[in-house]
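Accompanying notes for the structure given below.
Residue numbers (the numbering used here), protein chains in the order written: chain A, 520 to 857; chain B, 705 to 1115; chain C, 161 to 491.
Pasting the structure below:
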């Protein structure tokens, strides 16, 4: 039932175009996150941001197993998930800057990137909160009789919330088309997952619900892709949900500026050694993609993110008239005044 | 550096004074101790003497103006020096507006305690309604919770015919109402101020508040006149009829302490001392200096005190303390030939004795012989809330007995 | 044309009409199937609409409330039943941090058309964890609408409006009203959210209240009539949006206000109304606004204790007389 893969040995053959696309997406996310971190460290961003550098493979591998019409829910560390689902880097960056041109008009910020039209049902500031929401999205598909699936990203800590059990129990019972994807980076803020959980991995919990569960190398973009694809097909066929655990690493602190001295040296060493982009680059070189082609992509991504940055910086802040809008969809003004 | 001259406090209760007359003009040189301005209060007229030497730079308070205690009157300094009215010292340029501001500010400070002490409980709606309808609610008794005045109370009040109820006039006596009287040829108009204003207010208040009774008692003073003549024969300073009257009244009051009371709301204050107020008429009006503990004085001492007070009252040289604390008052109009009158009670006294002129009268003895005697009437006006006619009569009779057997006055 | 039905039947009828009208309307909650909900609100629904639209859940309030939020994001109109409003304690995140906030936090992208129905209130000897009135808690959270009907007619019109509303609506039903039979109009009708209702006209004092206390206020008004006091009873019906115009109109007429609520006085919604009246209608008041509310205690179990806790008719009569400074009769 539980199958752990930890290398880049991929049996299937993929088109060069597809592989390059995966590479480009991962580089896009990392370049975006790096730039966001720089901006934060320069004091240009308000609040907190949580970077997903090191976890790009789960975001990209999982999203690429979805159709455009499918849905995702994300987490506080959600920039990568959303960009992977198609969110524009300029509008995402503008949201981080609290600008009017951001996805949420500056009202959500880093933890709340949402584009409903892209099927992004929201990054979320509450750990585990996306799990019942994704379940509800699955229920909606079932009620409507449509075949969209919903991919639910959450971390190892989200897997320890009550919402995890309550939601998956229902989804399993009613065979809702949901893929519960645990990005296990081993840390709940500062706490080692092994110190708060009794099982060596988390996908084992699938047994309790009698649904498929799998733990994969989350830093192997193709392994993630293949596992999620399998679960998506399974769900779309009406068989119900799966749990996929992607073992990965968080290169940065919990939030930008977190010195994260709680991480052992070995964790960091392993994180860089197993870095998803580095390993995928090597794989691509073996699979007909040249260094030059990849450098070209790197440059293109740098350019895109610079443009996203310029867009964000040069965008206006929301007008103060936006302060009280959008609390309600009907009778907003009256309901806000009193 | 210019020095500010301000309104002095001429007694504990003084809150403001009126500038009566400037004795120096701007530009005049002033020496220490020289009087510069005459100030009138409700009780007296005083001259303010300069404590510094210099030139009267600026007169801030004009003649006729009421200035609160410590309010700015003028500046004295070196010739050509500028004065700063705002902080009461000399630096800035003079500014008429600033002068007024300063004076107003002082007035506010003075009036604050009276405003806050009597907070009226009234609902917001009632207050609004009262403002709109022009209803004065200051003396209304509210029917809302905790005696709060509510709208209904205001509406009820507004419906009432305008009448002067006792409660309405208690709080703020208004001696005169402006009726814009028509002026006739040759009339002059003077502002009601200072002593006259005080007299007007006091008399009005007393008259409106106190239910009075006046009782006349006739006294045979033939013996008294003879007795006085004998006593005065060898004296340099003569004893007046008034002196005998003061002594007799003081003695009678000591015996009839029930006359020495004051009414304060729902309380009656029994006065411990016989402090005789003595109405002294001046050109500007009337003052009532007080002879403290008159009952403990011999007639000579009493006589001297009365003369001294009257003289100094006429000269405007009384101290504030010498005006206050009376427990009974005597008003003597005998020298003007008045035969009977109803004096107004000097509050917070309970009674006032009007002393009338001495007249000759024919009488008949038991044998049927007609004889001439000298008589005078004493008119006692008293507060019927506190005293009844019989009590007042007993007191009057004691006075009568003493005056008719004058040896007893002295003994 | 009217008919006599219980409050619970009226709500059921309203929901039924909406289920028939719009196939996106679903029921979510515990015991909604064969049992038809503990208060028979969904009786027969399972047979008629099937398990996909009558989602009988496990006892997983957090899970199914959050699931309803997710479904609502996708255009479903879930009507969630919390068996007691007290159970919001275990399902508050989806309500407070998700449903209420996501429209604003997504810059207006998300619409979450869901209703959370919950029985509330004391009087059934259910003790502290099953007797609370938590409307103030919900009203405090921007993004939620709060409805507290009293009569059968209002309950039906308002549940229909709530289901059709595009915002999350907390619909609080008083348990002790369910069995109350009243006339309601025949056929479909809607009562818009945010419209208060004068349940009794009067000129001397305004009693502002909602939910079950409306009946207590009406009884009190009848009692006050004997003392020559003419009380107006204003049933707010919805707390958010609040019908301020109705409050204002009544206060301008009577100038005296008593606010009655069953829930805990401290931090109660009555305090909010009182504050608004004070802020905006201060000059219209002829007396301080008086509140009659539950004590700041845990709802007790023992009947005499429970009855002593929430406001009774006498308490309202006393409060009105206090405001109007009429002596309270001790007969």
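Glycine included, every Cβ here is placed at the ideal spot set by N, Cα and C.
Margin query: Taking CB distances under 9 Å as the criterion, tell me whether residue 471 of chain C reaches chain A.
Written below: no
Notebook entry, point to check: Is there at least one Cβ from chain B nearer than 9 Å to residue 446 of chain C's Cβ?
Noted result: yes
Notebook entry, point to check: Relative to the alpha-carbon of residue 647 of chain B, which residue among B:1057, B:948 and B:1047 has its alpha-carbon at the smallest distance?
Noted result: Because chain B is modelled from 705 through 1115, residue 647 of chain B falls outside the range shown and cannot be assessed.
Check: Is it buried or exposed for residue 226 of chain C, if we count other Cβ within 10 angstroms and need 16 for buried?
Finding: That one is buried.
Notebook entry, point to check: Taking C-alpha atoms, which residue in A:835, A:650, A:776 and A:794 lies nearest to residue 561 of chain A?
Noted result: Residue 561 of chain A has its Cα closest to that of A:776, out of A:835, A:650, A:776 and A:794.
Next item on the list: List the endpoints of the continuous beta strand (DSSP E) containing residue 671 of chain A.
Entry: 669–674
Notebook entry, point to check: Which residues, in chain order, does the segment 640–651 of chain A contribute to contact with chain C at a C-beta distance below 9 Å?
Noted result: 640, 641, 643, 644, 645, 647, 648, 649, 650 and 651
Item checked: Proximal chain A residues relative to residue 186 of chain C, where beta-carbon distance stays under 8 Å -> 662
Margin query: Within 9 Å of any Cβ in chain C, is that where the Cβ of residue 830 of chain B sits?
Written below: yes
Checklist line | Segment contact flag, the segment 354–371 of chain C with the segment 266–275 of chain C, C-beta cutoff 8 Å, min 3 pairs | finding: no
Notebook entry, point to check: From B:772, B:1112 and B:738, pick the residue whose C-alpha is nearest to that of residue 1179 of chain B; which is it?
Noted result: Nothing can be reported for residue 1179 of chain B: it is not among the residues displayed for chain B, which extend from 705 to 1115.
Next item on the list: Taking only runs that begin and end inside the segment 599–652 of chain A, name each unbroken alpha helix (DSSP H) of 4 or more residues, in chain order.
Entry: Segments of the alpha helix (DSSP H) lying fully in the segment 599–652 of chain A: 608–615.
Next item on the list: Could you tell me whether the Cβ of residue 490 of chain C comes closer than 9 Å to any Cβ of chain B?
Entry: Note that residue 490 of chain C has pLDDT 43, beneath the 50 cutoff, so the model's placement of it is unreliable and no number is given.
Next item on the list: Just the chain C side, please: which residues come within less than 8 Å of residue 854 of chain B by C-beta, in chain order?
Entry: 446, 447 and 485
Check: So, helix, strand or coil for residue 331 of chain C, using DSSP?
Finding: strand
Check: If contact means a Cβ-Cβ distance below 7 Å, which residues of the segment 264–297 of chain C contact chain A?
Finding: Listed in sequence order: 264, 265, 266, 267, 268, 269, 270 and 271.
Notebook entry, point to check: Among residues of its own chain, excluding the 5 on either side of residue 816 of chain B, which ones have a beta-carbon nearer than 7 Å to its beta-carbon?
Noted result: For residue 816 of chain B, the pLDDT reaches just 29, beneath the cut-off of 50, and the residue's location in the model is therefore unreliable, although a value from the coordinates is still provided. Within the same chain, residue 816 of chain B has no close Cβ partners at all.
Checklist line | Counted within 10 angstroms of its Cβ, other Cβ atoms place residue 754 of chain B as buried (16 or more) or exposed | finding: buried
Next item on the list: Can you tell me the Cβ-Cβ gap for residue 1032 of chain B and residue 963 of chain B, rounded? I've got them flagged as a contact below 8 Å.
Entry: 6 Å
Item checked: Residue-level contact to chain C via CB, residue 838 of chain B, 9 Å cutoff -> Not closer than 9 Å to any Cβ of chain C, the Cβ of residue 838 of chain B fails to qualify, so no.
Check: Between the segment 822–831 of chain A and the segment 612–629 of chain A, do at least 3 Cβ pairs fall closer than 8 Å?
Finding: yes
Margin query: Please classify residue 427 of chain C as buried or exposed, where buried requires at least 16 other C-beta atoms within 10 Å of its C-beta.
Written below: exposed
Margin query: Just to confirm the assignment, what range does the alpha helix (DSSP H) spanning residue 704 of chain B have?
Written below: Missing from the structure shown is residue 704 of chain B; chain B here goes from 705 to 1115 and no further.
Check: Given that a residue counts as buried once 16 or more other Cβ atoms are within 10 Å of its Cβ, and exposed if not, what is residue 752 of chain A?
Finding: exposed
Next item on the list: Within its chain, find whatever has a CB closer than 7 Å to the CB of residue 794 of chain B; leave out the 5 residues flanking it on each side and keep chain order.
Entry: At residue 794 of chain B, the pLDDT of 37 sits below 50, so the modelled position is not reliable; the number obtained from the coordinates is stated separately. Only 705, 706, 779, 781, 785, 786, 787 and 788 meet the Cβ criterion.
Checklist line | Chain-ordered residues of the segment 294–322 of chain C with a beta carbon less than 7 Å from chain A | finding: 302, 303 and 305
Margin query: Between residue 849 of chain B and chain C, is any beta-carbon pair separated by less than 9 Å?
Written below: For residue 849 of chain B, the answer is yes, since a Cβ of chain C falls inside 9 Å of its Cβ.
Check: Among the residues of its own chain, which have a CB less than 8 Å from the CB of residue 732 of chain A, if the five just before and after it don't count?
Finding: 520, 521, 722, 723, 724, 725, 726, 761, 762, 763 and 764
Note to self: When you compare the CB of residue 758 of chain A with every CB in chain C, is at least one pair closer than 9 Å?
What the structure shows: Judged by the 9 Å Cβ criterion, residue 758 of chain A is not in contact with chain C.
Item checked: residue 167 of chain C burial status per 10 Å Cβ neighbour count (16 or more: buried) -> buried
Notebook entry, point to check: Between the C-alpha atoms of residue 589 of chain A and residue 788 of chain A, what's the straight-line distance to the nearest angstrom?
Noted result: 36 Å
Checklist line | Whole runs of the beta strand (DSSP E) within the segment 207–289 of chain C, excluding any shorter than 3 residues | finding: For the segment 207–289 of chain C, the continuous beta strand (DSSP E) assignments of 3+ residues that do not extend past its boundaries occur at 214–216, 237–241 and 275–280, in sequence order.
Margin query: So if I threshold CB-CB distances at 9 Å, which residues from the segment 181–212 of chain C count as touching chain A?
Written below: Answer in chain order: 183, 184, 186, 188, 211 and 212.
Checklist line | Every unbroken beta strand (DSSP E) within the segment 348–398 of chain C, with a cutoff of 3 residues, ordered by chain | finding: 357–360, 365–369 and 391–395
Margin query: Could you compute how far the alpha carbon of residue 329 of chain C sits from the alpha carbon of residue 645 of chain A?
Written below: 22 Å
Margin query: For residue 981 of chain B, count the other beta carbons within 10 Å of its own beta carbon; 16 or more makes it buried, fewer makes it exposed. Which is it?
Written below: buried
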